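Numbering-wise (UniProt numbering), the sequence shown opens with residue 1 and increments by one.
Here a beta-carbon is modelled for each residue, glycine too, at the ideal position from N, C-alpha and C.
Quick caveat: nothing in here was measured; it's all calculated off a predicted structure.
Working notes for the structure below.
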Amino acid sequence: MVCLPLDQISHPNAGAHFDADTTACPLDFLRAFSASPLSLDKALPPRPKILESDLVEAFLRGSGPGGQKINKTSCAVQLKHIPTGIVVKCQETRSRELNRKFARQILAEKLDVLEKGDESRSAIKGERARVKKASASKKAKRKYRKLDEEKGGIEQDGAESDEQGHGTGGTAVDDVSARSAGASPGGDDVRGPT
Numbered sequence: 001m002v003c004l005p006l007d008q009i010s011h012p013n014a015g016a017h018f019d020a021d022t023t024a025c026p027l028d029f030l031r032a033f034s035a036s037p038l039s040l041d042k043a044l045p046p047r048p049k050i051l052e053s054d055l056v057e058a059f060l061r062g063s064g065p066g067g068q069k070i071n072k073t074s075c076a077v078q079l080k081h082i083p084t085g086i087v088v089k090c091q092e093t094r095s096r097e098l099n100r101k102f103a104r105q106i107l108a109e110k111l112d113v114l115e116k117g118d119e120s121r122s123a124i125k126g127e128r129a130r131v132k133k134a135s136a137s138k139k140a141k142r143k144y145r146k147l148d149e150e151k152g153g154i155e156q157d158g159a160e161s162d163e164q165g166h167g168t169g170g171t172a173v174d175d176v177s178a179r180s181a182g183a184s185p186g187g188d189d190v191r192g193p194t
């Protein structure tokens, strides 16, 4: 792979915005145009915009884990969307500003589901996750089915060799159980005189 200084590339504006020391590698150009699986997916629809005039915002005392501070400060955010009547309460963090941001995201998601139904962002994400999980499950089943078939083939080969007279007639398990019972595989008692 040959990397050339940008001022030596034949395009007239190739090095216009870069220093002469900067090099251009063909891989750099490919990276900009590569098609990763994420970019091949259909883009998600945008979140609906929420007008601030349609919201009633209230700050409430928090509760639950987070120590004494969460109980003493009004960091929980409650949003009410006036046109639809949807109420969202968020207390993800101890920061009021982050909770305001998260509450607006949750409200936008709920409005999107209400407005678009199966075409909403969350429905599309859920469908993609379901398809991905089903694909992974199918792949795992295929893998284990293949392993079982290979294992079954090995067991069948062993059974065929015993049937053809290549086996010993008895198994190692039979020999061990016979010894533990005090008898030899031939039936003679080898414990000696008693």
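Item to check | Pair within 8 Å by beta-carbon distance, residue 70 and residue 111 | outcome: Cβ atoms of residue 70 and residue 111: not closer than 8 Å.
Checklist entry - Straight-line CA distance for residue 153 to residue 144? => result C-alpha separation (whole angstroms): 14 Å.
Checklist entry - Which residue comes first and which comes last in the alpha helix (DSSP H) that contains residue 114? => result Note, residue 114: alpha helix (DSSP H), 96-116.
Item to check | Proximity test, Cβ basis, 8 Å: residue 120 and chain D | outcome: This model lacks chain D altogether, as it is built from one protein chain only.
Checklist entry - residue 131 and residue 123: beta carbons closer than 8 Å? => result Contact flag unset, no.
Checklist entry - So residue 78 is in the beta strand (DSSP E); what residue range does that whole segment cover? => result DSSP places residue 78 in the uninterrupted beta strand (DSSP E) bounded by 76-81.
Item to check | Spatial distance of residue 151 from residue 133 (CA atoms) | outcome: One C-alpha to the other measures close to 27 Å.
Next on the checklist: Which same chain residues end up closer than 7 Å to residue 74 when comparing Cβ atoms and leaving out the 5 residues on each side of it in sequence?
Outcome noted: Hits under 7 Å: 59, 60 and 61.
Checklist entry - Under 8 Å, do residue 47 and residue 100 count as touching if we go by C-beta distance? => result Not closer than 8 Å, so no.
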